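Numbering (the working numbering), first residue to last: 87 to 370.
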C-alpha cells in the first residue's frame, strides 16, 4: 500500500500569454480547476494504475473539500483543521512556466498521522510545523520512506535537511531544488539509498551507492508544466514498486512527465493501457 502524508489543495489555474509588469495587467485566456498538492497527485496517479493508495491530509468544511475527495482516486483520510481547504492560484504563461500563490488554510495545519502503508511519500505542507511533523512520521513509519523536499525543505539548507534524511530511503527532487543545497550527490547518499533528480527538458537521473543512471526526456509540446514532477514521480515509483530496473523506472517517469505537460492541469496521467503499451516497447 502507498501512503502519502501530504497537503490537500485545490488548484485554480489561469493561462496567460505573459506576466504583466508590476502594476500592469494581463488577459487570462483560460481558467481551469483541479485537485492538487504534489503528494496527493502522486497518490491519485498511482491509484489510477490500480495501486492501493491513501492520502493522509487535512481539509476544510467547504465545497473545495468535497470537490477534492470526489475527484481523487486514492482514499482520502483527513482531519478537519479549518473552515477552508487549501487553495493554490497557478498562473501559466505561453511557455508553460508557472507562478504559484498559495492560500494554506487547512493545509497550513498538518496535524494528521499516517496509520498504515508499505511506502510512505512525504510532501511538505505549507506550514512552519511541517518539517518537524514529517520527521516524526518518517521516524515512526515501518516501511520504505520517499521524500519530496520541494523548495520548502530545500530552502532550509542541507544541515537542517539531514535531520529528516536519516529516516528516508529515497529522495525525488528537481535539479533547481538540488542546486539550492550546494552539495554533491555523494552527500545525499550518506543518508539515502536513492537520489532521483528531475532535469526538465534534459530528462532525469538516479544516483545510488552502486552507480548512477541517466535517461533523456521525451519530446513534448509544452502547454502547462503543473504537475509534471508529480507525474514523473508516480511513473518512477510505479516502476520501482514493480521491481523494474532503474533505467526503466526513469524512462517510465519521463514518459509520464511528458504526457502531463502536453495538457492543462496537474492530474493528466497515462491510462493503465498506455502505461502497459509503453512498458512493452521499452522491455522488448
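Where a beta carbon is used, it is the ideal one built from N, C-alpha and C, also for glycine. These numbers come from a predicted model, not from an experiment.
Next on the checklist: I believe residue 353 touches residue 313 by the beta-carbon criterion, under 8 Å. Please report the beta-carbon distance rounded to the nearest angstrom.
Outcome noted: 6 Å
Checklist entry - Could you give the residue range of the beta strand (DSSP E) that holds residue 174? => result 172-178
Item to check | residue 98 - partner residues in DSSP beta bridges | outcome: DSSP lists 119 and 175 as partners of residue 98.
Checklist entry - So what's residue 133 in DSSP terms, helix, strand or just coil? => result helix
Checklist entry - So residue 167 packs on residue 192, CB below 8 Å; how close in whole Å? => result 5 Å
Checklist entry - Going along the chain, which residues of its own chain have a beta-carbon closer than 6 Å to the beta-carbon of residue 295, five neighbours each way excluded? => result 275
Checklist entry - Would residue 261 be called buried (16 or more neighbouring beta carbons within 10 Å of its own) or exposed? => result exposed
Checklist entry - Under a Cβ-count criterion, where at least 16 other Cβ atoms within 10 Å of its own Cβ denotes burial, should residue 87 be classed as buried or exposed? => result exposed
Next on the checklist: Less than 8 Å between C-beta atoms, sequence neighbours within five positions excluded: which residues of the same chain meet that for residue 221?
Outcome noted: Cβ within range, chain order: 249, 250 and 253.
Item to check | N- and C-terminal bounds of the alpha helix (DSSP H) containing residue 358 | outcome: 358-368
Checklist entry - Rounded to the nearest angstrom, how far is the Cβ of residue 186 from that of residue 96, given a contact under 8 Å? => result Incorrect: roughly 13 Å between the Cβ atoms, too far for contact.
Checklist entry - How big is the Cα-Cα spacing for residue 122 and residue 297? => result For residue 122 and residue 297, the distance between alpha carbons rounds to 34 Å.
Checklist entry - Is residue 177 closer than 7 Å to residue 100 when the C-beta atoms are compared? => result yes
Next on the checklist: Please return the same chain residues whose Cβ sits closer than 8 Å to the Cβ of residue 348, not counting the five positions on each side in sequence.
Outcome noted: So the list reads 306, 307, 308, 309 and 354, once near-sequence residues are dropped.
Next on the checklist: Among 148, 241 and 92, whose alpha-carbon lies nearest the alpha-carbon of residue 268?
Outcome noted: 241
Next on the checklist: Could you give the first and the last residue of the continuous beta strand (DSSP E) run that contains residue 197?
Outcome noted: Note, residue 197: premise wrong, no beta strand (DSSP E); not H, not E.
Checklist entry - Relative to the ligand NAD, is the shortest distance from any of its heavy atoms to the C-beta of residue 164 smaller than 6 Å? => result This structure simply doesn't include the ligand NAD, nor any ligand for that matter.
Item to check | Three or more C-beta pairs below 8 Å linking the stretch 139-147 and the stretch 194-204 | outcome: yes
Next on the checklist: If I follow the unbroken alpha helix (DSSP H) through residue 343, where does it start and stop?
Outcome noted: 332-347
Checklist entry - Do residue 160 and residue 133 have their C-beta atoms within less than 7 Å of each other? => result Yes. Within cutoff.
Item to check | Limits of the beta strand (DSSP E) - the one that residue 289 falls within | outcome: First-last for residue 289: undefined, no H or E at that position.
Checklist entry - If you draw a straight line from the C-alpha of residue 104 to the C-alpha of residue 236, how long is it? => result 25 Å
Checklist entry - When you compare only the Cα positions, how much space is there between residue 245 and residue 115? => result 43 Å
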